[in-house]
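Take -2 as the starting number for the sequence shown in my numbering and just add one per residue. What follows is a set of notes on a single structure, which appears directly below.
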Amino acid sequence: MVIVLALPAIFAVAAIHRFLQLYAPTNLLVRQVRAQEPRCSVAAVLSGLATTLLVMMHLLGEAVANGGPGWLNLAVLMLALGGHQGCRAGVDRHGAGHRRGCALRDDPRVASAAGVFIGSAV
């Protein structure tokens, strides 16, 4: 009987999760970045975006701690999630690019030669 009462809540949570995975701005950004080739410039932009989000999160958190409205806690959580996702995507992209010669990949003429050279150096 309890499971019958819990099923609507489970379905609602699953629907919200699916919606956020498909349409949340940070998830769209991360999905687009992962589809591209790793580049140092993309990693730098993502790290800058993550830093901005985390600074805004800190400022809003301080405002809430100093007597601001309680609903700002939701904004603090959303900024923390976005900052974490952006930072992780930037680190993942930089790591993938660095393993393939990130400094050389910005020049398309050198990228193929660098990939062959780095791939053959064992």
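All C-beta atoms, glycine included, are put in the ideal place defined by N, C-alpha and C.
Simplified DSSP assignment, three categories, for residue i
i             : result
glutamine 29  : helix
methionine 75 : helix
Top-ranked residue by Cα proximity to residue i, from the options
i            : options                      : result
alanine 72   : Met(-2), Arg15, Glu34, Leu56 : Leu56
threonine 23 : Gly65, Gly87, Asp89, Gly83   : Gly83
alanine 77   : Met54, Ala60, Leu17          : Met54
Rounded separation between residue i and residue j - CA only
i            : j             : result
leucine 50   : arginine 85   : 13 Å
alanine 120  : alanine 40    : Residue 120 is absent from the structure shown; the chain starts at -2 and stops at 119.
histidine 14 : glycine 64    : 31 Å
histidine 81 : asparagine 70 : 16 Å
leucine 43   : valine 27     : 9 Å
Every unbroken alpha helix (DSSP H) within the segment 12 to 72, with a cutoff of 4 residues, ordered by chain:
22 to 32, 37 to 62
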